[in-house]
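Student: Mind the numbering: the sequence shown is residues 39 to 337 in the numbering used here, read in order.
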Amino acid sequence: MPESSLSFFIVSLKTEKNYSDLTIKSYSSDIQQFLDFLKETETKLAEVDYLTLRHYLALLQEKGYERSTIARKLSSIRAFLNYLKREGCLQTNNWNTVATPKQKKKLPKFLYYEQVLSLLNAPKQNTPAGCRDLAILDLLYSTGIRVGELTSLNIDSFNADERLLKVKGKGRKERIVPVGKLASLSLKKYLEEGRPFFCAVNKDNDEERSLFLNRYGKRLSARSVRRIFSKYIRQVALTEGATPHSLRHSFATHLLDAGADMRIVQELLGHVNISSTQIYTHLTKDRLIETYRMSHPRA
Numbered sequence: 039m040p041e042s043s044l045s046f047f048i049v050s051l052k053t054e055k056n057y058s059d060l061t062i063k064s065y066s067s068d069i070q071q072f073l074d075f076l077k078e079t080e081t082k083l084a085e086v087d088y089l090t091l092r093h094y095l096a097l098l099q100e101k102g103y104e105r106s107t108i109a110r111k112l113s114s115i116r117a118f119l120n121y122l123k124r125e126g127c128l129q130t131n132n133w134n135t136v137a138t139p140k141q142k143k144k145l146p147k148f149l150y151y152e153q154v155l156s157l158l159n160a161p162k163q164n165t166p167a168g169c170r171d172l173a174i175l176d177l178l179y180s181t182g183i184r185v186g187e188l189t190s191l192n193i194d195s196f197n198a199d200e201r202l203l204k205v206k207g208k209g210r211k212e213r214i215v216p217v218g219k220l221a222s223l224s225l226k227k228y229l230e231e232g233r234p235f236f237c238a239v240n241k242d243n244d245e246e247r248s249l250f251l252n253r254y255g256k257r258l259s260a261r262s263v264r265r266i267f268s269k270y271i272r273q274v275a276l277t278e279g280a281t282p283h284s285l286r287h288s289f290a291t292h293l294l295d296a297g298a299d300m301r302i303v304q305e306l307l308g309h310v311n312i313s314s315t316q317i318y319t320h321l322t323k324d325r326l327i328e329t330y331r332m333s334h335p336r337a
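1) L202 lies in the beta strand (DSSP E); which residues open and close that run?
2) My output table needs one value for F236: the three-state DSSP class, helix, strand or coil.
3) How would you call N111, buried or exposed, if buried means at least 16 neighbouring beta carbons within 10 angstroms?
4) With 16 as the cutoff for other CB atoms within 10 Å, does T130 come out buried or exposed?
5) Could you check what DSSP says for F250 in three-state terms: helix, strand or coil?
6) What alpha helix (DSSP H) runs, 4 residues minimum, are completely inside the stretch 46 to 127?
7) Around the C-beta of A173, are 16 or more other C-beta atoms found within 10 angstroms, so that it is buried, or is it exposed?
8) Is the Cβ of T181 closer than 8 Å to any Cβ of chain B?
9) According to DSSP, is I214 part of a helix, a strand, or is it coil?
10) Would you please state the rounded distance, in angstroms, between the beta carbons of S284 and F148? I believe it to be under 8 Å.
11) Go ahead and pull the three-state DSSP assignment for N159.
12) Among T181, D295, I183, V263, which residue has its Cα nearest to the Cα of E328?
13) Looking at the structure shown, is F267 part of a helix, part of a strand, or coil, going by DSSP?
14) Going by C-alpha distance, which of T281, V49, Y57 is nearest R210?
Right, here's the structure in full:
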């Protein structure tokens, strides 16, 4: 029963919730791990209560899982159990009384504008790969899109005349985001000089619709984007721990620092809740120093 219940739940995530493949994979993995725990402890699914869940969370903590990971796993399990409750497979729902582990508040890592410029100046424009890499970095910073959203872009996602990008975000929700003038130029150069080269090396001779291609002429993966980003971050010796997502954080931080309306930034980022956008209202070092020098009488 547990495995078949999980299969039905996964189908509901696809058809009713319209979750992405990556999210569904995460749910499936988390729940399967919990079902394995129930099997090891000889606990039936119908017998699961808040004590079972607390025991499982304590075990995860003993194994060294981060609080954020434990919280995610708990969320997946709750969703699964609530689904079974709605389907009449379970009689109780007292597992909902188990508190989610408190998370450490972390400010997102972002780059200062000068650091972004150094990063964008790193790719060499005289090679197809360099054209592609600059277009990727420029587009991530110009639009604030996620890496997964970037790799899912197709050739028809970009409207060059209006400089608009059609993005498919979380939950497969589409949004339109503007592309900056310089990023648009980088993207056009890639489409004219870089992409045709990658199309030519596609041995299958199939019509690849993906906007960004790898060295085999196939869709570029999120892992490859992270590798490209790390390559140039090392070249310019920028902030330790920066990731491609740092460009999304930089996009939001720089817009808000320049006075952009938070609701507009929320729409551009594709955030459902404004609280997700509010984390970017922290002040940068430069702005702190500027405010201090303008306001303090002895500065």
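Using N, Cα and C, we set each Cβ at its ideal position, and we do this for glycine too.
Tutor: Looking at the atomic coordinates:
1) Boundaries of the beta strand (DSSP E) harbouring L202: 202 to 206, taken from the DSSP string.
2) Judged by DSSP in its simplified three-state form, F236 adopts helix.
3) Looking at the sequence shown, residue 111 is not Asn but Lys. By the neighbour-count rule (16 or more Cβ atoms within 10 Å), K111 is buried.
4) When all chains shown are included, T130 counts as exposed.
5) The answer is coil: DSSP assigns F250 none of H, G, I, E or B.
6) Here the runs fully enclosed are 59 to 78, 88 to 100, 105 to 124.
7) In this structure A173 is buried. Its beta-carbon is surrounded by 16 or more other beta-carbon atoms within 10 angstroms.
8) No chain B is part of this structure, which consists of one protein chain only.
9) Strand, per DSSP.
10) At roughly 6 Å, the Cβ-Cβ gap stays under 8 Å, so S284 and F148 are in contact.
11) DSSP places N159 in coil when its eight states are reduced to three.
12) Comparing Cα-Cα distances from E328 to each of T181, D295, I183, V263, the minimum goes to D295.
13) In the structure shown, F267 falls within a helical segment according to DSSP collapsed to helix, strand and coil.
14) Closest by alpha carbon: Y57.
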